[in-house]
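Asker:
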Amino acid sequence: MTSLDTMGAPVAVPEPLTFRQRLERAWQHPLFVVTCALILLVVVFAIINGQPFLSQANIRNMFLAGSIMLILAVGVTYVIITAGFDLSVGSVLVFSGVISMIAMRQVGGDGWTTALIGLGVAVVCGVGLGWINGLLIAYAELNPIIVTLGMFGAALGLAQVATGGQDLSGMPAAMSQFGVGRILGIPWVVVIAAAVAVIAAIALHSTVFGRHTYAIGSNKEAAVRAGIPVRRHLTVIYGLSGLLAGLAGWLSLSIYGTTNISGHSLDALTAATAAILGGASLFGGVGTIAGTALGNAIPVVLASGLVIAGLQSFWQQVVTGAVLVGALYLDRLRRIRSLKRSSSAPS
271 MTSLDTMGAP
281 VAVPEPLTFR
291 QRLERAWQHP
301 LFVVTCALIL
311 LVVVFAIING
321 QPFLSQANIR
331 NMFLAGSIML
341 ILAVGVTYVI
351 ITAGFDLSVG
361 SVLVFSGVIS
371 MIAMRQVGGD
381 GWTTALIGLG
391 VAVVCGVGLG
401 WINGLLIAYA
411 ELNPIIVTLG
421 MFGAALGLAQ
431 VATGGQDLSG
441 MPAAMSQFGV
451 GRILGIPWVV
461 VIAAAVAVIA
471 AIALHSTVFG
481 RHTYAIGSNK
491 EAAVRAGIPV
501 RRHLTVIYGL
511 SGLLAGLAGW
521 LSLSIYGTTN
531 ISGHSLDALT
541 AATAAILGGA
551 SLFGGVGTIA
561 GTALGNAIPV
571 VLASGLVIAG
581 LQSFWQQVVT
591 GAVLVGALYL
601 DRLRRIRSLK
611 RSSSAPS
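Take the sequence shown: its letters are residues 271 to 617, numbered as in this note's numbering.
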C-alpha cells in the first residue's frame, strides 16, 4: 500500500460516550463512589442533627479525630499494598502514648524539652514494636494477621501493666498548648497529619522505595527474582507503620491530655477501612494515599454523626464493622472487574 493509499484510508473516529456510559465508568472508580457516599452522609446527618453537626466546634473535632486516624491509616495503607495487614496499630498507639507519658512525668518540667523527649520515646516504642512485627512476618514467615493480632494483645496488656489499668495524665504545658494551637486557623495536629500524608504519597509514587512496595504486593516471588530485598523491605514497612502509630499516640496525648487506654480498640479496623474504601486491595499491589485520605473521612463523619444523634457507643462499633465488610465487598467487586478486563483483553 502506498503512502497515498494510507492517507486516503478512512480514520475510525470513536463514538462519544453517552451520559449513562460515563456514569457507569465513574461508578467503577472507588474515589467517585466514596465521594458520593461522603456527600450523602454529610447531607443525611445535617438533616438529622441540624446545627450541632455543622457547627464549627464539631467540624474542628472531626478534623482532629480524623488527623490521628489518617496518620494510622497511612501506615496501614503501606502494609496493605504489600499484601499484609496490621491489626496492632491501635494498641501500639496506646502503648507508645503510655510510655511517653511515663517518661515525661519522670523527666518533669513543662517546656518543650520534656515534650520532645516524650515524642522521641513514643516514636522509638512504635518503631520497636513495628519492627518486631516485621521481623516475625518477613523472616519467620508467620501470617501477618496472626502476628499483629498477637501484638495487639501484647502491647495493650503491657500498657495496662505499666499503668495498673488506669489512664495517665499530667503532660507538659507546652504539649497542651500545642494540642490546641493553630497556624492560620488550622490546628497543628491537622497540619502534621497533612504533611505526613503528602510525604507518604510522594515516597509511594515517586521513589524506588514506593515502587518496591507496589512490586512486593503485586508479586512477591517476582520481586525476589528482580533482586528486591523483600524481607528487609517488609521489616521497614511494618516499622514505618509502628512509627506512625507512635507519632499518633503522642499527638493523641496532646489533644486529649490522657492516655485513653480503652479508646483505641477499633483503630486498626477503622484505618484498614479507610485504606480499602480509598481503593487499596487486600490482595496487594494497589492503593494510594489520596484515596486513603478520602476514605478516612467516611468513618470519621459516621462516628461524629452517630454520637450527636445520641446512639450508644456499641452501635458505633456495629456500624464500623458493617462499613469494613462493605469495603471488603467493594474490594472483591473491583478485583472481579479487573480479572474480567484482563481475561477479555487481546493477547
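Yeah, the Cβ is synthetic: ideal placement off N, Cα and C, and Gly gets one too.
Along the alpha helix (DSSP H) that carries Leu399, what are the first and last residues, could you check?
Answerer: By one-based count along the sequence shown, residue 399 stands at place 129. That run of the alpha helix (DSSP H) goes Trp382 to Ala408.
Asker: Compare the beta carbon distance of Leu657 and Gly396 with 8 Å and say whether it is the shorter of the two.
Answerer: Residue 657 lies beyond the residue range present for the chain, which begins at 271 and ends at 617; the question has no answer from this structure.
Asker: For Ala542, collect the residues of the same chain with a Cβ closer than 6 Å to its Cβ; drop the 5 residues on either side in sequence, then sort them by chain order.
Answerer: Sequence index remark: in the sequence shown, residue 542 carries index 272 (1-based). Same-chain partners within the cutoff: Val346.
Asker: With H, G and I counted as helix, E and B as strand and the rest as coil, what does DSSP make of Ser551?
Answerer: Numbered from 1 along the sequence shown, position 281 holds the residue referred to as residue 551. Here Ser551 sits in coil by DSSP.
Asker: DSSP three-state label for Ile498, please.
Answerer: As a working note, residue 498 is residue 228 in the sequence shown. In this structure, Ile498 counts as coil in the three-state DSSP scheme.
Asker: With a threshold of 16 other CB atoms inside 10 Å of the CB of Asn413, please say whether the residue is buried or exposed.
Answerer: As a working note, residue 413 is residue 143 in the sequence shown. When all chains shown are included, Asn413 counts as exposed.
Asker: Along the chain, which unbroken stretches of the beta strand (DSSP E) at least 3 residues long are found entirely within the region 314–383?
Answerer: With a minimum length of 3 residues, no continuous beta strand (DSSP E) run stays inside the region 314–383.
Asker: Can you list, in chain order, the residues of its chain with a C-beta nearer than 7 Å to that of Gly336? Leave out the 5 residues immediately preceding and following it.
Answerer: Looking up residue 336 in the sequence shown gives position 66. Correct list, in chain order: Asn566, Ala567 and Val570.
Asker: When DSSP labels each residue in this structure, what does Thr590 get in the three-state scheme?
Answerer: For this step, residue 590 is matched to residue 320 along the sequence shown. It is helical.
Asker: Put Thr505 into one of helix, strand or coil per three-state DSSP.
Answerer: On the sequence shown, residue 505 is found 235 positions in, with the first residue counted as 1. Residue state, collapsed to three classes: helix.
Asker: Which value, in whole angstroms, describes the spacing of the CA atoms of Ala560 and Ile472?
Answerer: Start at 1 with the first residue of the sequence shown, and residue 560 comes out as number 290. Start at 1 with the first residue of the sequence shown, and residue 472 comes out as number 202. If you take the alpha carbons of Ala560 and Ile472, they lie about 11 Å apart.
Asker: Where do the N-terminal and C-terminal ends of the alpha helix (DSSP H) with Ile531 fall, by residue?
Answerer: Position 261 of the sequence shown holds residue 531. Here Ile531 belongs to no alpha helix (DSSP H), and DSSP marks it neither H nor E.
Asker: Return helix, strand or coil for Pro457, following the three-state DSSP convention.
Answerer: By 1-based counting over the sequence shown, the position of residue 457 is 187. Looking at Pro457 - three-state DSSP - the assignment turns out to be strand.
Asker: Could you tell me which of Val314, Leu600 and Ile531 sits nearest to Ala432, measuring between CA atoms?
Answerer: Taking the sequence shown and counting its residues from 1, the one referred to as residue 432 is at position 162. The option with the nearest alpha carbon to Ala432 is Ile531.
Asker: Do you know whose CA, among Asn331, Ala353, Thr352 and Leu357, lies nearest Leu342's CA?
Answerer: Walking along the sequence shown from the start, residue 342 turns up at place 72. When each option's Cα is compared against that of Leu342, the closest is Leu357.
Asker: Counting only the same chain and skipping the five closest in sequence on each side, list residues whose C-beta sits under 8 Å from that of Val394.
Answerer: Here the question's residue 394 lines up with position 124 in the sequence shown. Closer than 8 Å at the Cβ level, and outside the excluded window around Val394, lie Gly516.
Asker: Using DSSP bridges, identify the partner residues of Ser439.
Answerer: To locate residue 439, count along the sequence shown from 1; it is residue 169. Paired residue(s): Thr528.
Asker: In the DSSP output, which residue or residues are listed as bridge partners for Arg452?
Answerer: As a first step, residue 452 must be located in the sequence shown, where it is residue number 182. BP columns for Arg452 point to Pro457.
Asker: Helix, strand or coil: how does DSSP classify Thr477 here?
Answerer: Counted from its first residue, the sequence shown places residue 477 at position 207. Coil at Thr477, not helix or strand.
Asker: Distance check for Gly354 and Trp590, CA to CA, integer angstroms please.
Answerer: Here residue 590 corresponds to residue number 320 of the sequence shown, with the count starting at 1. Here residue 354 corresponds to residue number 84 of the sequence shown, with the count starting at 1. One point to set straight first is that residue 590 is Thr, not Trp, in the sequence displayed. Roughly 21 Å between the two C-alpha positions.
Asker: Rank Ile387, Glu411, Phe584 and Gln321 by C-alpha distance to the C-alpha of Arg501 and give the top, closest one.
Answerer: Here residue 501 is taken as the residue at index 231 of the sequence shown, counted from 1. The shortest C-alpha separation from Arg501 is found at Glu411.
Asker: Give every residue of the same chain whose Cβ lies closer than 7 Å to the Cβ of Ala222, excluding the five residues on either side of it in the sequence, and list them in chain order.
Answerer: Not covered by the structure: residue 222. The range shown for the chain is 271 to 617.
Asker: Which term fits Phe302, buried or exposed, when burial requires 16 or more other beta carbons within 10 angstroms of its beta carbon?
Answerer: Numbered from 1 along the sequence shown, position 32 holds the residue referred to as residue 302. With fewer than 16 other Cβ atoms within 10 Å, it is exposed.
Asker: Give me the residue from Pro442, Gln447, Trp458 and Leu603 with the minimum Cα distance to Ala373.
Answerer: Against the sequence shown, residue 373 aligns to sequence position 103. Comparing Cα positions, the closest option is Pro442.
Asker: In terms of alpha-carbon separation, which member of Ile462, Tyr508 and Val593 lies closest to Trp401?
Answerer: Residue numbering aside, residue 401 sits at position 131 when the sequence shown is read from its first letter. Ranking the options by Cα distance to Trp401, first place goes to Tyr508.
Asker: Based on Cα-Cα distance, which residue from Leu552, Ser366, Leu521 and Val391 lies nearest to Val595?
Answerer: Counted from its first residue, the sequence shown places residue 595 at position 325. Val595 has its Cα closest to that of Leu552, out of Leu552, Ser366, Leu521 and Val391.
Asker: Would DSSP call Glu491 helix, strand or coil?
Answerer: Taking the first residue of the sequence shown as 1, we reach residue 491 at position 221. The answer is helix: DSSP assigns Glu491 an H, G or I state.
Asker: In the structure shown, what three-state DSSP assignment does Val570 receive?
Answerer: On the sequence shown, residue 570 is found 300 positions in, with the first residue counted as 1. Here Val570 sits in helix by DSSP.
Asker: First and last residue of the alpha helix (DSSP H) that includes Thr433?
Answerer: Here residue 433 refers to the residue found at position 163 of the sequence shown. Counting along the chain, the alpha helix (DSSP H) containing Thr433 begins and ends at Pro414 to Thr433.
Asker: Quick check: the Cα distance between Met332 and Ile498, rounded to an integer number of angstroms?
Answerer: Residue numbering aside, residue 332 sits at position 62 when the sequence shown is read from its first letter. Residue numbering aside, residue 498 sits at position 228 when the sequence shown is read from its first letter. Approximately 40 Å, taken between the alpha carbons.
Asker: Just mark Ser524 as buried or exposed, buried being the case when its beta carbon has 16 or more other beta carbons within 10 Å.
Answerer: Residue mapping note: residue 524 aligns to position 254 of the sequence shown, counting from 1. Classification of Ser524: buried, given that the 10 Å Cβ count is 16 or more.
Asker: With distance defined between alpha-carbon atoms, name the residue in Leu564, Ser535, Arg604 and Leu603 nearest to Phe213.
Answerer: Here the chain has residues from 271 to 617 only, and residue 213 is not among them.
Asker: Would you report the Cα separation of Val314 and Gly580, rounded to the nearest angstrom?
Answerer: Here residue 314 refers to the residue found at position 44 when the sequence shown is read from its first residue. Here residue 580 refers to the residue found at position 310 when the sequence shown is read from its first residue. Looking at the two C-alpha atoms, the distance is approximately 15 Å.
Asker: Determine the contact status of Ser265 and Val359, defining contact as a CB-CB distance below 8 Å.
Answerer: Residue 265 lies beyond the residue range present for the chain, which begins at 271 and ends at 617; the question has no answer from this structure.
Asker: So, helix, strand or coil for His482, using DSSP?
Answerer: Against the sequence shown, residue 482 aligns to sequence position 212. Helix, per DSSP.
Asker: Grab me the residues of Gly451's own chain with a C-beta within less than 8 Å of its C-beta, minus the 5 sequence neighbours each way, in chain order.
Answerer: As a working mapping, residue 451 is identified with position 181 in the sequence shown. Cβ within range, chain order: Pro457 and Trp458.
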